[in-house]
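> After the structure tokens below, expect a handful of questions from me.
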Amino acid sequence: MDEPIVMDEPIVSVRQLGKSFGANRVLQGIDMDVHPSQVIVVIGPSGSGKSTFLRCLNGLETAEEGTVRICGHALVEHGKMIDESGLNRVRRDVGMVFQSFNLFPHLNVLHNIMLAPRSLARLSVDEAESQARALLAKVGLAHKADVFPGTLSGGQKQRVAIARALAMRPQVMLFDEPTSALDPELVGEVLQVMQTLASEGMTMLIVTHEMNFARDVADTVVVMDHGKVIEAGPPTQIFSSPREARTRSFLQAVLSREPTL
Ligand code: ADP
Ligand code: MG
């Protein structure tokens, strides 16, 4: 018999995820579902486990407890990582963009974007190149194909990093503070690209302190503290009437840092 079609099955499904560094229990029973085209913004104080959480979703960190399923496939099952071939599949399905852009300095922009699809997805040179050029156009950098990363501004580097992640045609994109290393005047161009991706239906999980972006783009804001999700809800609710005192004090601290125009 055919398997029943489950509508809107989550792309990312996390249950009771736990992770320690030595005696430091960094993640403590995280539950989360990310559905197709959903945009979830994760906020919370420094050290609350946001980066570790994202890194557990693409196998960069090994969780010790709980379950992570990506596109229906187990990445972590009852605290055990799956094998290397499964890990490669997860790394195709899950694109990640970091605060530090991690472009390859010795490759021009075009080749930065072509590399992974050539080696992991086995695209031909022509396919990889035409895809890379299309992605560069999408992030507004068609004219930068032939330059080396060192000649780009931070905002341009991050847009190339986004194009590079998209080149694997991921099912979900993870962003870990993608604009935190940028000069303030360059933040907008990166957020703009992310907003476009969201409007095109990309499924995204984003750690950011950009509260205006979260308000405009997120379906759900998740608040983490000390390795736990302390509350989650639509941005309007989290920002205007947070339930938790810890959310209120965190938001106050962050919002007082935002420039007032
Ligand atoms: P956030 O991204 O919310 O600032 P992190 O996930 O980076 O938080 O860190 C959560 C906690 O885990 C912190 O206490 C941090 O010091 C610790 N931590 C993160 N990475 C490592 C590591 N590789 N080794 C040891 N401790 C780590
Ligand atoms: Mg972090």
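Quick note on this note's numbering: the sequence shown kicks off at 401 and runs consecutively.
We treat Cβ as the ideally placed atom computed from N, Cα and C, and that holds for glycine.
Note that the structure is a prediction, hence the values are computed from the model and not measured.
When burial is assigned at 16 or more other CB atoms within 10 Å of the CB, is Arg491 buried or exposed?
With a threshold of 16 other beta carbon atoms within 10 Å, Arg491 meets it and is buried.
> What number of angstroms, rounded off, separates the C-alpha of Gln652 from the C-alpha of Gly429?
26 Å
> Do three or more CB pairs link the segment 407 to 427 to the segment 460 to 472 at distances below 8 Å?
yes
> Three or more C-beta pairs under 8 Å: does that hold for the segment 498 to 517 against the segment 551 to 561?
yes
> Can you tell which of Ala474, Ala598 and Met514 has its C-alpha closest to the C-alpha of Val439?
Ala598
> Can you have a look at Glu484 and say buried or exposed, based on whether 16 or more other CB atoms are within 10 angstroms of its CB?
exposed
> Out of curiosity, what's the CA-to-CA distance linking Arg489 and Ala567?
14 Å
> My understanding is that Asp433 touches Gln416, with C-beta atoms under 8 Å, so please give their C-beta distance in whole angstroms.
At roughly 13 Å, the Cβ-Cβ gap does not stay under 8 Å, so Asp433 and Gln416 are not in contact.
> What's the gap between the Cα of Gly447 and the Cα of Leu655?
19 Å
> Let's see if you can read the secondary structure: which residues bound the alpha helix (DSSP H) around Thr596?
Counted as a single uninterrupted DSSP element, the alpha helix (DSSP H) harbouring Thr596 occupies residues Pro584 to Ser599.
> Measuring only from the beta carbon, is Asp431 closer than 7 Å to any heavy atom that is part of the ligand MG?
no
> Just the Cα atoms here: how many angstroms apart are Val622 and Arg648?
13 Å
> What are the start and end residues of each continuous beta strand (DSSP E) run of 3 or more residues lying completely inside the segment 449 to 535, in chain order?
465 to 470, 473 to 477 and 494 to 497
> Considering only heavy atoms of the ligand MG, does any lie closer than 7 Å to the CB of Phe461?
Checking the displayed sequence, the identity of residue 461 turns out to be Glu instead of Phe. No, the beta carbon of Glu461 sits no closer than 7 Å to any heavy atom of the ligand MG.
> Under 5 Å from any heavy atom of the ligand ADP, by CB: list those residues in chain order, please.
After applying the 5 Å Cβ criterion, the set is Phe421, Val426, Ser446, Gly447, Ser448, Gly449, Lys450, Ser451 and Thr452.
> If you draw a straight line from the C-alpha of Ser437 to the C-alpha of Ile606, how long is it?
Each residue's Cα considered, the two are about 13 Å apart.
> Verify the contact flag: Glu610, CB atom, against every heavy atom of the ligand MG, threshold strictly below 7 Å.
no
> Report yes or no: do the segment 503 to 520 and the segment 575 to 586 share at least 3 C-beta pairs separated by less than 8 Å?
The segment 503 to 520, when compared against the segment 575 to 586, does not touch it at the 8 Å Cβ threshold.
> Taking the alpha-carbon positions, what's the Val412 to His478 distance?
16 Å
> I'd like the ranges of any beta strand (DSSP E) spanning at least 3 consecutive residues and lying wholly in the segment 627 to 660.
Here the runs fully enclosed are 628 to 633.
> Taking all protein chains shown into account, do 16 or more other C-beta atoms lie within 10 angstroms of the C-beta of Ser553, making it buried, or fewer, making it exposed?
In the assembly as shown, Ser553 is an exposed residue. Its beta-carbon has fewer than 16 other beta-carbons within 10 Å.
> Looking only at C-alpha atoms, which of Leu475, Lys557, His543 and Gly486 sits nearest to Glu589?
Nearest of Leu475, Lys557, His543 and Gly486 to Glu589, Cα basis: Lys557.
> Using DSSP with H/G/I as helix, E/B as strand and the rest coil, what is Thr603?
strand
> What is the rounded straight-line gap between the Cα of Gly466 and the Cα of Ile630?
18 Å
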